[in-house]
Amino acid sequence: MNHNQTIQSTFSLVCLFFFTSPLVFCQLDYSFYDDTCPNLSKIVTYAVSSAIANETRMAASLIRLHFHDCIVNGCDGSVLLDDTSSLRGEKGAGANQNSARGFEIIDDIKANVEEACPSTVSCTDILTLAARDAVYLAGGSYYYVPLGRRDATTASLSAANEQIPAPFESLRNITAKFTSKGLDAKDVVVLSGAHTIGFAQCFTFKDRLFNFNGSNQPDPALHTSLLKNLQSQCPNQDSSNSNLAPLDPVTINKFDNVYYKNILNKSGLLQSDQALMGDATSASLVNKYSKYPYLFSKDFGASMVKMANIGVLTGQTGEIRKNCRVAN
């Protein structure tokens, strides 16, 4: 049995025993485009590599874009759709407006893929592969993703506003949003590890610096030295709301397990990061991942594959968009 056959055999077992919707999930295939678009992976990897070389922050942006697609009514490329006269899409949601990035990278990849393999590869699969390559090129694990997703023809602003977790939500609420999608509490901790790279705008955590829970005091769960640095980066005025601070100030652009070490040191940037220490189960996982980088790397890949198969459209459902920004 060769390497690809081993992967597919393992995948079949996962389909049968571990997923709640195997009939949908298992319509995906690791070799889905091998005959119809054999150079797909090379096209995507080259584009993502070039984008990250031009701006290292783009790795985190592509991963986040993939998450914001999948957590809203499933992985269907709906986050990529522009508004029209009859559609208010997800780009205008609170978590995406003036925040979600990487659309032009997906556009460029799609144009190159269309030239090589017209009307063959979905925007959703392109985004899924781009996120995987972003993780790997930033220093994270390389994980295999089955393909064959199709694109939605519509999007939902209200669903995006309701379903994307906010950085100031309680761990209980965030976990509920994950479990409603078939993910679990472990996935919350693992996928939060994506905050090992990237930046956050000051407004997403400024309350922790000056007026935590209306107390007119900083969050006591924030390390004093980090607090002082953040207060200088994000002064208590509206003009600083869009300033950026690194989610992991220690290894800013490296995908590693330092995020978890930061949390143990009371240096999680977002309230939702530090909140992982408020639950015994999640705190135990934070401790494990801080000690064992290989364990985090392995579990992160598994959770990303699990997330990438939420509510996918396959077969004759949905479409293969010619342009990722508009339905055909």
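Read left to right, the sequence shown gives residues -26 to -1, 1 to 302 (mature numbering (1 follows the signal peptide of the UniProt record, and there is no 0)). We treat Cβ as the ideally placed atom computed from N, Cα and C, and that holds for glycine.
List the endpoints of the continuous beta strand (DSSP E) containing residue i.
i, result
"F177", "From DSSP, F177 is part of no beta strand (DSSP E); its letter is neither H nor E."
If we ignore side chains and look at the alpha-carbon of each, how far apart do residue i and residue j end up?
i, j, result
"L103", "Q205", "37 angstroms"
"Y116", "D247", "24 angstroms"
"residue 343", "A150", "Here the chain has residues from -26 to 302 only, and residue 343 is not among them."
"F77", "I138", "18 angstroms"
"A168", "I37", "8 angstroms"
"Y268", "E89", "39 angstroms"
"M281", "A249", "22 angstroms"
"P92", "D125", "15 angstroms"
"F(-8)", "T153", "Low per-residue confidence applies at F(-8): pLDDT is 43, beneath 50, and the placement is therefore not dependable, though the value from the model is reported in the following sentence. Near 13 angstroms, if we compare the C-alpha coordinates of T153 and F(-8)."
"I294", "K84", "11 angstroms"
"residue 303", "L55", "This structure cannot settle anything about residue 303, because the visible part of the chain is limited to -26 through 302."
"C11", "V119", "16 angstroms"
"R123", "C44", "12 angstroms"
"A140", "A69", "7 angstroms"
"Q191", "A74", "30 angstroms"
"D222", "Q290", "42 angstroms"
"S144", "C208", "23 angstroms"
"Q13", "D99", "The sequence as given places Asn at residue 13; Gln does not occur at that position. Answer to the nearest angstrom: the Cα atoms are 14 angstroms apart."
"S258", "K296", "46 angstroms"
"A159", "C298", "32 angstroms"
"S(-6)", "N283", "Per-residue confidence for S(-6) stands at a pLDDT of 42, beneath the threshold of 50, marking its modelled position as unreliable; no derived number is given."
"D181", "H42", "24 angstroms"
"K16", "A133", "34 angstroms"
"G242", "D9", "45 angstroms"
"S96", "Q211", "43 angstroms"
"D50", "D57", "16 angstroms"
"L39", "D82", "15 angstroms"
"H197", "D253", "19 angstroms"
Pull up the DSSP beta-bridge partners for residue i, would you.
i, result
"N297", "V300"
"L287", "R124"
"P194", "Note: P194 sits in no beta bridge, so no partner."
"L218", "Q175"
"D3", "L121"
Would you call the CB atoms of residue i and residue j closer than 8 angstroms?
i, j, result
"A301", "T127", "yes"
"L2", "T288", "yes"
"K240", "A195", "yes"
"S271", "D161", "no"
"L131", "G66", "yes"
"N227", "T30", "yes"
"F229", "G156", "no"
"residue 305", "N236", "Outside the shown range of the chain, which is -26 to 302, sits residue 305, and nothing can be said about it."
"V260", "V164", "no"
"N86", "A21", "yes"
"G48", "G285", "yes"
"L111", "A33", "yes"
"F177", "N147", "no"
"D107", "T225", "no"
"L244", "F179", "yes"
"G52", "A129", "Reading off the sequence shown, one finds Ser at residue 52, where the question assumed Gly. Yes, these two residues count as a Cβ contact at 8 angstroms."
"L101", "I80", "yes"
What are the boundary residues of the alpha helix (DSSP H) that includes residue i?
i, result
"A105", "C97 to L111"
"E29", "Unbroken run through E29: none, as it is neither H nor E."
"N185", "Taken as a continuous stretch (DSSP letters only), N185 belongs to no alpha helix (DSSP H), as it is neither H nor E."
"D158", "Element bounds for D158: n/a, residue is neither H nor E."
"D81", "F77 to A90"
"N135", "L131 to Q137"
inquiry  = As an exercise, report each continuous beta strand (DSSP E) stretch of at least 3 residues that is fully enclosed by the region 33 to 68, in chain order.
reply    = Entirely contained in the region 33 to 68, not one beta strand (DSSP E) run reaches 3 residues.
task = Note down, one range per segment and in chain order, each alpha helix (DSSP H) of at least 4 residues found wholly within the region 222 to 279.
result = Taking only runs of at least 4 residues, the alpha helix (DSSP H) segments lying wholly in the region 222 to 279 are 232 to 238, 245 to 248 and 254 to 265.
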